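Following full-length UniProt numbering, the numbering of the sequence shown begins with 1 at its first residue and continues without gaps. Cβ atoms here follow ideal geometry from the backbone N, Cα and C, with glycine treated the same way. Just so it is clear, the structure is predicted and the values come from calculations on it, not from any experiment. Accompanying notes for the structure given below.
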Amino acid sequence: AEAGDPGALGALAGRFGDADRSVRQAAVWASGRLATRGDGSSVAALRPCLSDTDQGVRHVALWAVSKVAARGDESAIAAVTARLEDADEGVRRLAERVLRRLRGGRRP
């Protein structure tokens, strides 16, 4: 699939709710690779993945949002800010780094 391909991105988003965490994780990762920066519909599709029951999926979702969301994207900033309270320390640390990027270098 080519970067920004809406058909491929839609198919991947359809796997975000898969029962198998490895399928969810792979779909989120692939979305982060395929979506283009500033693609609001991809950011919206990724937002629920930030609250996935699996910390690995949450981690990959943070990475994907950092790749796709435009700097200053308030909906992405709000969703990532919620991860500052995540049960997993690695997710919390990554959320801090993603927020710095989304806010243009400013600390959360």
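Open item on the list: If you measure between the beta carbons of Ala-79 and Leu-50, is that distance less than 8 angstroms?
Closed with: Yes, they are a contact pair.
TODO: Measure the Cβ-Cβ separation of Arg-58 and Val-91 and say whether it is below 8 angstroms.
DONE: With respect to Val-91, Arg-58 sits close: the two C-beta atoms are nearer than 8 angstroms.
Task: Length of the line joining the Cα atoms of Pro-108 and Leu-102 - done: Because the pLDDT of Pro-108 is 46, which lies under 50, any placement of that residue in the model is unreliable, and the question is left without a value.
- [ ] Under 8 angstroms by Cβ, that's how I've got Val-43 and Ala-69 pegged, so tell me the actual separation to the nearest angstrom.
- [x] Indeed they touch by this definition, with Cβ atoms about 5 angstroms apart.
Open item on the list: Just to confirm the assignment, what range does the alpha helix (DSSP H) spanning Thr-81 have?
Closed with: That run of the alpha helix (DSSP H) goes 74-82.
- [ ] Report the residue from Gly-38, Ala-87 and Gln-55 whose alpha carbon sits nearest the alpha carbon of Gly-72.
- [x] Ranking the options by Cα distance to Gly-72, first place goes to Gly-38.
- [ ] Within the same chain, show all residues whose beta-carbon is closer than 7 angstroms to that of Gly-17, passing over the 5 residues directly before and after it, in chain order.
- [x] Result list for Gly-17: empty, nothing under 7 angstroms.
Task: Endpoints, the alpha helix (DSSP H) within which Pro-48 is located - done: Neither: Pro-48 is in no alpha helix (DSSP H) and is coded neither H nor E.
Open item on the list: As a quick exercise: from Gly-7, Asp-52, Arg-21 and Thr-53, pick the residue whose alpha carbon is nearest that of residue 142.
Closed with: Summary: the structure shown does not reach residue 142, with the chain confined to residues 1 through 108, and so no result is reported for it.
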